[in-house]
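Asks:
In UniProt numbering, the protein residues as written are 1 to 382.
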């Protein structure tokens with residue numbers, strides 16, 4: 001079945017693959033081993049050698065909800081993958097978009113774009129939210145996961161702490177928040193954060209991200225009788241996985257950073273593997289990254305995963321590894337995969353905001369149903 005934008009809005013997890021073009025300055029003469037067949041299939045032609053030393057080409061075929069070839073721009077990726085999620089955010093729910101893949105595969109370009117050339121998914125989302133409803137107000141936080149620590153990229157890279165409440169909801173304590181009135185404010189915010197974000201140079205990428213970056217956009221809309229709904233859009237630009245050869249000639253600090261990146265990505269892969277095997281225990285607490293992404297897989301948020309891949313033959317192993325794990329995520333959509341399918345919400349009796357089945361919203365002490373009501377009671381001291 002081919003999924004279009006209308007289908008995305010009713011699915012819990014949607015997985016897309018994006019192939020970047022070859023870099024003219026470095027890869028013009030390299031073999032392109034990736035073919036995007038139709039809109040949902042990608043084929044990798046892997047060169048191999050038989051036992052008798054005969055060279056052969058082995059095709060590996062994968063199907064996903066969406067496959068974008070090198071001619072597709074960020075605008076089409078946004079329209080297909082992100083725009084269908086915005087209604088959930090406006091309705092007071094959550095949505096998560098995260099990009100992953102090897103270093104240099106185009107993740108940051110997809111999420112951020114390039115200043116003066118093209119808009120990234122961040123910009124398209126903010127523009128759409130502000131344009132569709134005059135009562136919509138936005139605020140944003142931007143932080144990075146660097147090793148086992150979190151740093152606020154809008155507050156001089158100050159360290160912040162991650163805590164969980166009694167409902168297992170994640171809170172980043174001390175994280176700053178900025179109002180966004182338009183794309184100009186977003187661009188300033190992102191420029192400030194990107195300058196502070198840890199980066200370095202490797203064989204695979206002249207400006208390699210050394211951390212996972214998380215942009216959280218809070219969306220507030222005034223509804224009936226003055227009640228506000230608050231949705232959240234979380235966008236995650238994961239650092240790329242690295243081979244030892246990518247950092248072989250770098251200093252000790254870079255090699256340690258690469259090891260930490262791979263460690264956190266391995267923790268994510270272990271969670272994906274455990275979920276695909278229907279295990280009762282999913283090791284989300286193994287890293288800060290997996291704790292942040294937990295809601296993407298077992299919560300009520302809608303999720304879009306964008307797997308970025310290189311076309312080059314020398315990256316074939318990394319490309320196949322990315323596609324294998326993207327395919328495992330795609331397989332998490334079944335009804336036995338930890339409650340990933342959304343059930344119809346019921347309104348809170350106090351404020352009317354939606355409550356989903358399975359959410360532990362009712363407070364035994366006060367009988368107040370949802371977090372919004374409890375927050376209001378806490379403000380008034382009742």
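We treat Cβ as the ideally placed atom computed from N, Cα and C, and that holds for glycine.
Keep in mind it's a predicted model, so treat the numbers as computed, not measured.
Let me make sure I understand the geometry here. Which of 184, 151 and 156 has the alpha-carbon closest to that of residue 173?
Replies: Nearest of 184, 151 and 156 to residue 173, Cα basis: 151.
Asks: Which residue comes first and which comes last in the beta strand (DSSP E) that contains residue 308?
Replies: Taken as a continuous stretch (DSSP letters only), the beta strand (DSSP E) holding residue 308 covers 302-309.
Asks: Does DSSP put residue 144 in a helix, in a strand, or in coil?
Replies: The answer is strand: DSSP assigns residue 144 an E or B state.
Asks: Please classify residue 44: does DSSP put it in a helix, a strand, or coil?
Replies: Here residue 44 sits in strand by DSSP.
Asks: Roughly how many angstroms separate the alpha carbons of residue 181 and residue 141, rounded to a whole number?
Replies: Taking the straight line from one Cα to the other gives about 14 Å.
Asks: Rounded C-beta distance between residue 222 and residue 135? I'm assuming under 8 Å.
Replies: Residue 222 to residue 135, Cβ: 4 Å. Contact.
Asks: Which of the three DSSP states is assigned to residue 49 in this structure?
Replies: It is a strand residue.
Asks: Quick check: the Cα distance between residue 30 and residue 313, rounded to an integer number of angstroms?
Replies: Near 7 Å, if we compare the C-alpha coordinates of residue 313 and residue 30.
Asks: Report back the beta-carbon spacing between residue 128 and residue 186 to the nearest angstrom; my notes put them in contact at under 8 Å.
Replies: Contact doesn't hold; Cβ gap of about 12 Å is too wide.
Asks: Determine the direct distance from the alpha carbon of residue 230 to that of residue 27, and round the result to whole angstroms.
Replies: Looking at the two C-alpha atoms, the distance is approximately 46 Å.
Asks: Pick helix, strand or coil for residue 38, following the three-state DSSP scheme.
Replies: Coil.
Asks: Which residue or residues does DSSP assign as beta-bridge partners of residue 32?
Replies: Looking at the DSSP assignment, residue 32 forms a beta bridge with 312.
Asks: Rounded to the nearest angstrom, how far is the Cβ of residue 124 from that of residue 158, given a contact under 8 Å?
Replies: Contact flag wrong, Cβ pair sits at about 29 Å.
Asks: Applying the 10 Å Cβ sphere with the 16-neighbour rule, what's the burial state of residue 282?
Replies: Buried, since its Cβ has 16 or more Cβ neighbours within 10 Å.
Asks: Restricting to Cα atoms, I'd like to know which of 122, 217, 270 and 183 is closest to residue 92.
Replies: Closest option to residue 92, Cα to Cα, is 217.
Asks: In this structure, what does DSSP give as the bridge partners for residue 162?
Replies: In DSSP, residue 162 forms a bridge with 172.
Asks: Let me check one thing: in DSSP terms, what residues is residue 384 bridge-paired to?
Replies: The structure shown does not extend to residue 384, since the chain is modelled only from 1 to 382, so the question has no answer here.
Asks: Suppose you measure from the CA of residue 191 to the CA of residue 81; what does that come to, to the nearest Å?
Replies: Each residue's alpha carbon lies about 24 Å from the other.
Asks: Taking only the alpha-carbon atoms, compute the straight-line gap between residue 47 and residue 321 and give it to the nearest angstrom.
Replies: Taking the straight line from one Cα to the other gives about 15 Å.
Asks: What residue from 193, 287 and 108 has the CA that sits closest to residue 239's CA?
Replies: Comparing Cα positions, the closest option is 108.
Asks: Which residue from 164, 153, 228 and 95 puts its Cα closest to that of residue 195?
Replies: Cα-wise, what sits closest to residue 195 is 153.
Asks: Helix, strand or coil for residue 152? Go by DSSP, reduced to three states.
Replies: Residue state, collapsed to three classes: strand.
Asks: Where does residue 340 fall in DSSP's three states?
Replies: Caution applies to residue 340, whose pLDDT of 37 falls short of 50 and renders its modelled position unreliable; the model cannot decide the point.
Asks: From residue 272 to residue 258, what does the alpha carbon distance come to, in whole angstroms?
Replies: Looking at the two C-alpha atoms, the distance is approximately 21 Å.
Asks: Hey, out of 132, 25, 332 and 19, whose CA is closest to residue 302's CA?
Replies: The shortest Cα separation from residue 302 among 132, 25, 332 and 19 belongs to 332.
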